[in-house]
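In our numbering, the protein residues as written are 2 to 173.
For every residue, glycine included, the Cβ atom is placed at its ideal position computed from N, Cα and C.
Note that the structure is a prediction, hence the values are computed from the model and not measured.
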């Protein structure tokens, strides 16, 4: 019986090591694919400097790998070439939100709203970013533009609660 216990323990340890090795291999493979994809996109941008997909691909790549400055520079280059792309402007705002740069996210939402002042998705993103920036009244007013007042209050209250401001949340 004791040899069975040792044997099953050994199998569990081997399985854990195999699992860890597989995860490392998958991560390395994903990283290599990402680098190769980035090189491919960079090459395409060099060949066709105004290629919409390539410019946006570079910006998204840098955003995903956490290269903030390069991502912002690439998004600006893209939006200079394609100034009417409201979704790309909102994407920059969402990147800032992922980086917890709420003021930057709000600024990019404002930029997106200059392109399309009636875009409901941007207004919703803007409302949530304003709330995360601590601008509760502005957030509430923005959310009221795209949803009923009760729902806007509920959303602001949820964000307040999420941020640890339980008493303020109850006042909503």
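Residue range of the unbroken alpha helix (DSSP H) whose run includes residue i
| i | result |
| --- | --- |
| residue 91 | 87-99 |
| residue 53 | 53-65 |
| residue 127 | 121-133 |
| residue 70 | 69-82 |
| residue 111 | 103-116 |
| residue 165 | Run containing residue 165: none; DSSP gives neither H nor E here. |
| residue 143 | 137-145 |
Exposure label - residue i; buried when at least 16 CB within 10 Å
| i | result |
| --- | --- |
| residue 64 | buried |
| residue 3 | Reliability of the predicted coordinates at residue 3 is poor, the pLDDT of 48 falling under 50, and no value is obtained from them. |
| residue 89 | buried |
| residue 59 | buried |
| residue 158 | buried |
| residue 91 | buried |
| residue 105 | buried |
| residue 126 | buried |
| residue 27 | Residue placement at residue 27 cannot be trusted, given a pLDDT of 49 that sits under 50; what the coordinates show is reported in the next sentence. Exposed is the call here. |
Straight-line gap, residue i to residue j (C-alpha atoms, nearest Å)
| i | j | result |
| --- | --- | --- |
| residue 163 | residue 133 | 10 Å |
| residue 101 | residue 107 | 11 Å |
| residue 123 | residue 87 | 8 Å |
| residue 152 | residue 144 | 9 Å |
| residue 95 | residue 116 | 16 Å |
| residue 1 | residue 48 | The displayed coordinates of the chain run from 2 to 173. Any statement about residue 1 would go beyond what the structure contains. |
| residue 25 | residue 66 | Confidence in residue 25 is poor, its pLDDT being 47 and thus under 50, which makes the residue's placement unreliable; the coordinate value appears in the next sentence. Roughly 17 Å between the two C-alpha positions. |
Residue closest to residue i, alpha-carbon to alpha-carbon, out of the options
| i | options | result |
| --- | --- | --- |
| residue 84 | 109, 124, 66, 152 | 109 |
| residue 165 | 145, 150, 140, 135 | 135 |
| residue 131 | 103, 112, 117, 87 | 103 |
| residue 137 | 156, 119, 73, 78 | 156 |
| residue 129 | 67, 142, 119, 51 | 142 |
| residue 72 | 114, 118, 149, 97 | 97 |
| residue 77 | 93, 55, 67 | 93 |
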